[in-house]
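First up is the structure itself, then whatever we jot down about it.
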């Protein structure tokens, strides 16, 4: 029989076996993790720093050997000059990128939210096959289907228009959004929706007023990934959009890259302008994006 003295001795032995974490050790570990984080961040940020500094140099200085890290002469006029290039209407290209990305993302969400909700809440025949086919479509690329797409767009009379690229971007990003939202809706307890139905809400009101606020991190996650994919899309835009003013920035950027000569200062400047909206978007929704990416990791 175990006596109180035995229990006290066992507790004392367990306490002695546990490592003692001192404040100095905690501070050292915190500094070590901070140093590792700074090194990793520097590795990812260094190319962007080089790009921004390159956009403020002359072409001769960019190609100079040995290279200079900071510009000897700061050419802020690179940004003003690139907007006035007659062969490449960059203001229209920027507007085209924003319109195509925003409209394609909105179309994806309009379709993906009801689809993700329905597949998560209803066990209809062929449900697994349907979800599998949705995932398979993610393996296809616009370049594989570009011939058929162009023929369809000519038939519909929408070739070389924003609408054509909105449909292409929406179609090729829809499956990813459906899978993300399906998993988030499936994680919401069905009892919450049943309680809302008992309170008098219909199915649509339950989706809008109860389920959507609970899966908001998933919607933000799907939104940011779709926006980035549409913003960076290049191959289909290069083929479908032939009018320079209709092309996005990703295609306009290639106009400054020639076979024998490349205006690197403008390439860097356009790239810098192109990433600013995405960086701002990440900064605005960073907290909800992290919540969406880590949702479900801890049960």
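Residue numbers (the numbering used here): 925 to 1223.
Just so you know, even glycine gets a beta-carbon here, dropped at the ideal spot from N, CA and C.
The model shown is predicted, which means the values in this text are computed figures rather than measured ones.
In the DSSP assignment, residue 1089 falls within the unbroken alpha helix (DSSP H) covering 1086-1111. DSSP places residue 1186 in the strand class (E or B) of the three-state scheme. Judged by DSSP secondary structure, residue 1158 falls outside any alpha helix (DSSP H); it is assigned neither H nor E.
Boundaries of the alpha helix (DSSP H) around residue 1001: 1001-1007.
Bounds of the alpha helix (DSSP H) holding residue 965 are 947-978. Inclusion of residue 1195 and residue 967 in the CB contact set at 7 Å is not warranted, their separation being larger than that value.
In the DSSP assignment, residue 1118 falls within the unbroken alpha helix (DSSP H) covering 1114-1122.
Sorting 1192, 1062 and 1108 by C-alpha distance to the C-alpha of residue 1044 places 1108 at the top. Residue 1181 has 1186 as its beta-bridge partners, per DSSP. Counted as a single uninterrupted DSSP element, the alpha helix (DSSP H) harbouring residue 1076 occupies residues 1070-1080. Between residue 1039 and residue 1100, the alpha-carbon positions lie close to 12 Å from each other.
Judged by beta-carbon spacing, residue 1063 lies beyond the 7 Å limit of residue 1190, meaning their Cβ atoms are not closer than that value.
Its Cα nearest to that of residue 1070, the residue 1096 stands out among 1047, 1096 and 1053.
Within 10 angstroms of the beta-carbon of residue 1173 lie 16 or more other beta-carbons, which makes it buried.
The shortest CA-to-CA distance from residue 1003 to any of 1188, 1204 and 1205 is the one to 1188.
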